[in-house]
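A short write-up of the structure that comes next.
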Amino acid sequence: MINLGKFNSLTVCRTTDSAVYLDGGEECGEILLLDKDLPTHYQVGDVLEAFAFIDGHNQALATLKAPKAQVDEVAWLKVVSLSHAGAFMDWGLSKDLLVPFSEQKTKMIEGRSYLVRLFLDESNRIAASTLLDDFIKEQAFYFKEGQAVDLIIAEATDLGFKAIINHQYWGLLYKNEIFQTLPFGQHLTGYIKKIREDNKIDLALNQDKYAEKVDSTSEMILRTLQKHGGYIALTDKSPPEMIYDTFGVSKKVFKQAIGGLYKQRKIVIEDKGLRATPQDN
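Just so we're on the same page, our numbering is the position in the sequence shown counted from 1, plus 3.
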């Protein structure tokens with residue numbers, strides 16, 4: 004079975020002086036490998052990894068070039084032209100990708116970039132949509148807390164940033180836990196922080212092994228105190244950015260760490276900083 008809009012392992016079934024054809028089975032028949040992709044040494048029986056699609060004339064074609072996204076994936080793409088059919092986006096192939104007017108959340112503007120999801124239309128042609136909520140699900144049931152996932156930054160909210168998980172699900176990164184710039188469309192690795200009771204997902208950019216993180220932060224604080232003569236100008240009232248720049252952790256983790264050290268009588272918390280007790284100085 005051919006997966007249109009995706010890469011497939013396809014066998015060379017026929018060659019001519021100017022063309023190579025791939026076996027698309029009963030579904031697609033012979034698939035023409037585009038001329039500009041032709042090497043000189045392919046023979047019948049060779050297996051190629053090729054991107055298969057249907058063109059505007061309902062012909063099955065293939066290319067060895069990799070587009071910026073495949074069907075069922077989300078990508079940050081730029082509008083390069085507009086027409087009566089909709090907006091066309093650069094997706095890395097010679098023929099631009101169409102976003103029909105019916106698939107535009109707001110009227111698209113030439114020169115701007117948008118987050119889109121690729122799909123097959125009713126004619127099995129590849130198109131894109133900015134109506135992400137029609138494709139991306141709010142609830143997930145099979146993730147585990149702490150699991151690494153692929154994220155794409157989608158939009159800002161009052162709470163932080165919505166991100167798309169593995170091209171399929173919505174998740175939320177909280178702004179008080181973010182200490183870096185997150186451009187829309189950025190791909191990065193994140194972690195499942197929490198599955199809420201409604202099965203919506205909270206995300207983190209760092210793996211949340213909380214107890215281990217508090218313990219390692221406590222050790223880091225003691226080492227830093229020793230290095231600086233037993234005193235550092237940081238407290239639980241310091242700005243989160245200053246804490247993160249010094250120790251690479253959130254303010255919540257820092258407060259837990261110094262609270263534990265204080266209970267163990269290893270530090271004294273002063274108005275403007277932390278001071279090691281004599282045995283740890």
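All residues carry an ideal CB built from backbone N, CA and C; glycine is no exception.
Using 10 angstroms around the beta-carbon of residue i, count the other beta-carbons present and answer buried if the total reaches 16, otherwise exposed.
i	result
ALA88	exposed
GLY27	buried
MET4	exposed
ARG54	In the sequence as presented, Arg is not what sits at residue 54; that position holds Phe. With 16 or more other Cβ atoms within 10 Å, it is buried.
SER221	buried
ALA236	exposed
PRO70	buried
ARG120	buried
PHE257	buried
LEU264	buried
LEU25	buried
LYS196	buried
GLY114	exposed
Just how far apart, CA to CA, sit residue i and residue j?
i	j	result
SER219	GLN259	11 angstroms
ILE204	GLU148	9 angstroms
MET223	THR249	10 angstroms
GLY233	ARG278	6 angstroms
THR160	THR280	44 angstroms
ALA90	SER97	15 angstroms
GLU52	VAL102	27 angstroms
LEU176	ALA143	16 angstroms
ILE34	LEU100	20 angstroms
PHE164	LYS108	19 angstroms
THR238	GLN171	41 angstroms
LYS266	VAL152	37 angstroms
GLU76	ILE129	12 angstroms
ASP274	ASN179	24 angstroms
ASN11	ILE261	55 angstroms
GLU29	GLU106	31 angstroms
HIS44	LYS68	17 angstroms
Figure out for me which residue from the options has the closest Cα to the Cα of residue i.
i	options	result
GLY276	LEU228, LYS255 and GLY263	LEU228
THR14	LEU7, VAL23, ILE198 and LYS230	VAL23
SER84	TYR45, VAL74 and LYS110	LYS110
HIS60	ALA69, ALA151, ASN127 and LEU51	ASN127
LYS140	PHE91, CYS16, ILE168 and ILE156	ILE168
GLY174	LYS71, ALA207, TYR145 and GLU30	ALA207
ASN6	VAL256, PHE122 and ALA157	PHE122
ARG268	LYS216, LEU225, TYR145 and LYS230	LEU225
ASP20	PHE138, LEU36, CYS31 and GLY188	LEU36
THR133	LYS81, THR184, ALA151 and GLU29	LYS81
VAL217	GLY193, LYS254 and GLU106	LYS254
ASP58	GLN150, ASP124 and LEU185	ASP124
PHE56	ALA72, CYS16 and ASN202	ALA72
PHE104	SER86, GLY193 and GLY95	SER86
Report the CB separation of residue i from residue j in whole angstroms; it is logged as a contact under 8 angstroms.
i	j	result
LEU191	LEU154	5 angstroms
TYR117	PHE182	Contact flag wrong, Cβ pair sits at about 27 angstroms.
ALA131	MET92	6 angstroms
GLN46	THR18	7 angstroms
TRP79	GLY251	Actually they are not in contact, since the Cβ atoms of TRP79 and GLY251 sit about 28 angstroms apart, beyond 8 angstroms.
ILE198	PHE146	6 angstroms
GLY8	VAL74	3 angstroms
Check whether the Cβ of residue i sits closer than 8 angstroms to any heavy atom of the ligand GTP, and report yes or no.
i	result
ASP153	As for the ligand GTP, it is missing from this structure, which has no ligand bound.
Beta strand (DSSP E) runs contained entirely in the region 171-230, provided each spans 3 or more residues
172-177, 190-198 and 204-207
What ranges does the alpha helix (DSSP H) occupy inside the region 100-161, keeping only unbroken runs of at least 4 residues that lie completely in it?
none
3-residue-minimum beta strand (DSSP E) runs that sit fully inside the region 51-108, ordered along the chain
63-66, 77-86, 89-93 and 100-103
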